[in-house]
């Protein structure tokens, strides 16, 4: 288990990372990492430690979930947390859960890990370690349900040649608060599809950081979210291209409706001086369905070498397209159904890329449910 992180390249030299919450200080709202977050709704997450109760963790599928102590050497072997909440979560857990995909094994069935909050006391710390050993292949779903407050650390380690699809599904009750730190290490010629689907909860904040441990890695990061009134959903990503010939593709889409519905997406990609042959692109799209909703979208791309295959980013936030609606209605489609078709079409390409049928169905069900909640659509 690591206690410190030694930077070996230039990409993190200007941003020291730590496993100690006190090293980050208590956010004041002026920091870049926290300027979009309503701090008054997460102030319990800035305590010196977490000791809440009311979370059960279970799994079913082709791989066993094992409970381990803090002294397990695999824990902390990826990268450190990037903020105070993640570091305090690291310091607070007594036991962790390890899911290991054996070497050369292809797991046919989806492995589903369910984290069920009962709405108990305080902020609950939880730590999961997902390991895809050499040349293994699997699909893992982290399904978050119930209520309460969860501070979660997730380490994802892909060894050389591994292929992993990992989905984190936030389907919380309406008052739940969830802060999660995903720290990802991708080995040589490994392939990761990392999917974030955020649907329920009062406030969701997920940070995902990718570190390439060898050339040839290929990472696809997909995200979908539907934000309802007074919900805050925040997704922050950092992809560190620090090795040659690695690829990353990021695509997040969200729809928002209702008073003070708020989404935040921040996508940072850094191409280091040694990352020749890099191919990367990041995209965020937001669809505002009603008055009173707002979205902040910030793509950042930093390039330290000119010897790359490609790099780009795009971001757009727009209101419901009345021209599309008029086009459909002019062809005899009723207004309610026309509006549904526009929203479905907005998500369709992204949903098709997910490739996990159960997750795709869940997302479409949620979209239908949300569209039924308001008479404005």
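In the working numbering, the protein residues as written are 77 to 453. Backbone N, C-alpha and C define an ideal beta-carbon position, used for all residues, glycine too.
Three-state secondary structure (DSSP) of residue i
{"i": "residue 341", "result": "strand"}
{"i": "residue 406", "result": "coil"}
{"i": "residue 359", "result": "strand"}
{"i": "residue 98", "result": "helix"}
{"i": "residue 365", "result": "coil"}
{"i": "residue 105", "result": "coil"}
{"i": "residue 426", "result": "helix"}
{"i": "residue 139", "result": "coil"}
{"i": "residue 444", "result": "helix"}
{"i": "residue 434", "result": "helix"}
{"i": "residue 29", "result": "Nothing can be reported for residue 29: it is not among the residues displayed for the chain, which extend from 77 to 453."}
{"i": "residue 127", "result": "coil"}
{"i": "residue 414", "result": "helix"}
{"i": "residue 439", "result": "helix"}
{"i": "residue 348", "result": "coil"}
{"i": "residue 224", "result": "strand"}
Proximal residues to residue i (C-beta, below 6 Å), its chain only, five neighbours per side dropped
{"i": "residue 154", "result": "231, 233, 259 and 261"}
{"i": "residue 330", "result": "301, 339 and 362"}
{"i": "residue 284", "result": "258 and 313"}
{"i": "residue 436", "result": "427 and 430"}
{"i": "residue 279", "result": "117, 253 and 308"}
{"i": "residue 281", "result": "255 and 310"}
{"i": "residue 270", "result": "242 and 297"}
{"i": "residue 192", "result": "132, 221 and 222"}
{"i": "residue 370", "result": "338"}
{"i": "residue 235", "result": "209, 210 and 263"}
Residues bridged to residue i (per DSSP)
{"i": "residue 384", "result": "The partner list for residue 384 (beta bridge, DSSP) is empty, contrary to what the question assumes."}
{"i": "residue 238", "result": "Answer is none; residue 238 lacks a bridge partner."}
{"i": "residue 261", "result": "233 and 287"}
{"i": "residue 244", "result": "218 and 272"}
{"i": "residue 118", "result": "According to DSSP, which records beta bridges pairwise, residue 118 is partnered with nothing at all."}
{"i": "residue 395", "result": "364"}
{"i": "residue 213", "result": "182 and 239"}
{"i": "residue 281", "result": "255 and 310"}
{"i": "residue 459", "result": "In the structure as shown, the chain begins at 77 and stops at 453. Residue 459 is therefore absent and cannot be evaluated."}
{"i": "residue 319", "result": "Answer is none; residue 319 lacks a bridge partner."}
{"i": "residue 335", "result": "Answer by DSSP bridge pairing: none, since residue 335 is not bridged."}
{"i": "residue 299", "result": "272 and 328"}
Same chain only: Cβ atoms within 7 Å of residue i, ignoring 5 sequence neighbours per side
{"i": "residue 292", "result": "264, 265, 321 and 322"}
{"i": "residue 211", "result": "179, 180, 237 and 238"}
{"i": "residue 136", "result": "188"}
Residues near residue i by beta carbon distance below 8 Å, same chain, minus five either side
{"i": "residue 64", "result": "Residue coverage of the chain in this structure runs from 77 to 453, which leaves residue 64 outside it and unanswerable."}
Which full runs of the alpha helix (DSSP H) of 4+ residues lie inside the region 142-197, going along the chain?
Runs of the alpha helix (DSSP H) inside the region 142-197: 160-168.
Measuring CB atoms only, is the region 122-140 touching the region 195-212, in the sense that at least three cross pairs come out at less than 8 Å?
In this structure the region 122-140 touches the region 195-212; the number of beta carbon pairs closer than 8 Å is three or more.
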